[in-house]
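The next block holds one structure in the form of structure tokens; read it before the comments.
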Amino acid sequence: MLYLGIDIGKNTHVASLIDETAKPLFKAFSFSNTTSGGNSLIEKLSVHINNQSEVEIGMEATGHYWLSIYSFLVEKGFTVHVVNPIQTDGWRKGIEIRKRKTDIIDSLLIADLIRYGDFVETSLSDEDTMSLRNLSRFRSYLVSSISDLKRKVICVLDQVFPEYHTAFSDVFGKTSKELLSHFQTADDFENISSEQLENVLKKVSFKGFVKNKITQISELAASSFGLKFCQDSFSLQLRLLIEQIKFIDAQVCDVEAEIKVILDKINSPIMTVPGIGSINAAVILGEIGDISRFSTAARR
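With the numbering used here as the guide, the letters of the sequence shown map in order to residues 94 to 393.
Following this line, the structure appears as structure tokens:
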């Protein structure tokens with residue numbers, strides 16, 4: 094068995110190959126993070142192996158830069174181990190203590206770690222697990238973005254219509270967002286025309302409830318202490334912020350639907366645990382990988 098270590102870089106990777114005795118067969122072979130670069134690595138390997146089963150490949154999980162070469166090599170049928178950089182740092186220190194050697198090439202170090210076999214792989218497991226990780230992290234980003242937008246909305250409302258929030262238990266509920274899509278300032282609510290009211294009522298379910306709310310808000314608007322200047326600029330900001338929130342809300346729903354599709358496909362027993370819904374399940378499975386790889390419930 095031969096062992097290939099790859100030191101990951103943003104645009105260029107470096108590879109070294111050793112045999113079972115840790116003898117280098119080639120070292121510090123540089124190749125670009127492209128299809129042609131990946132093919133040049135395979136061509137370099139072909140001098141020493143007859144098929145993919147004769148070599149094990151190791152690389153560090155460095156940012157997201159390892160993903161392309163990992164995907165490329167897996168598609169070609171190679172066995173690829175992805176390890177945490179902390180493990181290779183520990184291996185380096187051990188070698189320095191044993192051999193008093195400080196000029197070790199990182200790719201050789203990774204190859205030697207794979208040869209020795211004393212490593213724990215990063216929890217990739219399979220495509221579904223990685224998809225859950227990507228989607229749950231992306232959903233978290235979207236939810237965080239919505240929170241930022243909501244803070245901006247409150248900031249604008251506090252200036253143009255500070256009394257508005259008293260009309261709703263949740264300013265960002267469906268009815269409130271629909272109203273803020275049409276009216277933004279106290280003056281807007283105070284001077285709603287019958288035509289404007291009709292346009293709003295066409296887009297809501299509980300028309301009687303919305304009429305009552307508009308009446309309540311109009312009364313608040315009559316004595317509002319909101320700004321009376323620069324209203325057009327604030328109105329534009331508020332309307333666009335609400336549009337962004339509604340748009341990202343829809344994106345969150347799309348992501349959650351895709352997460353559910355993957356979870357249904359996996360059919361993991363984690364979904365039978367009381368209190369764990371699809372979102373928490375996606376986060377847990379995406380971050381720790383296949384639960385069955387843990388032999389016990391004890392911390393590792």
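Backbone N, C-alpha and C define an ideal beta-carbon position, used for all residues, glycine too.
DSSP three-state assignment for residue i, whether helix, strand or coil
i      : result
Phe302 : helix
Leu110 : strand
Phe97  : As written in the sequence, residue 97 is Leu, which differs from the Phe given in the question. Residue state, collapsed to three classes: strand.
Phe265 : coil
Thr195 : The predicted position of Thr195 is uncertain, since its pLDDT is 43 and thus under 50; a value taken from the coordinates is nonetheless stated next. Of the three classes helix, strand and coil, the one that applies to Thr195 here is coil, per DSSP.
Glu136 : helix
Thr155 : coil
Glu256 : coil
Asp219 : coil
Cys248 : helix
Phe340 : helix
Ile190 : For Ile190, the predicted model reports a pLDDT of 44, less than 50, meaning its position is unreliable; a value from the coordinates is still stated below. In this structure, Ile190 counts as helix in the three-state DSSP scheme.
Ala374 : helix
Lys270 : helix
heavy atom of the ligand FMN below 7 Å from residue i C-beta
i      : result
Leu331 : The model depicted lacks the ligand FMN and carries no ligand whatsoever.
Which residues DSSP lists as bridging residue i, in chain order
i      : result
Val173 : Ile150
Pro117 : Ile111
Ser123 : Val107
Glu312 : According to DSSP, which records beta bridges pairwise, Glu312 is partnered with nothing at all.
Glu214 : Val176
Beta-carbon proximity check, residue i vs residue j, cutoff 8 Å
i      : j      : result
Ser229 : Ala121 : no
Leu225 : Ile355 : yes
Ile239 : Ile341 : yes
Leu331 : Val246 : yes
Glu349 : Ile372 : yes
Val107 : Ser125 : no
Glu149 : Thr181 : no
Phe254 : Ala314 : yes
Ile135 : Lys169 : yes
Ile424 : Gly210 : For residue 424 there is no data in the structure shown, the boundaries of the chain being 94 and 393.
Ser311 : Glu283 : yes
Local Cβ density within 10 Å of residue i, reported as buried at 16 or more and exposed below that
i      : result
Val366 : exposed
His174 : buried
His157 : exposed
Ala204 : buried
Asn143 : exposed
Asp100 : buried
Arg232 : buried
Arg208 : buried
Ser269 : buried
Tyr96  : buried
Thr222 : buried
Ser200 : buried
Tyr257 : buried
Ala115 : exposed
Phe302 : exposed
Gly379 : buried
Leu138 : buried
Whole-number beta carbon distance between residue j and residue i, since they are thought to touch under 8 Å
i      : j      : result
Gln252 : Gly319 : 7 Å
Leu272 : Val249 : Not a contact, Cβ separation roughly 15 Å.
Thr215 : Val176 : 6 Å
Lys306 : Ala343 : Actually they are not in contact, since the Cβ atoms of Lys306 and Ala343 sit about 23 Å apart, beyond 8 Å.
Pro178 : Glu153 : 5 Å
Ser109 : Phe119 : 7 Å
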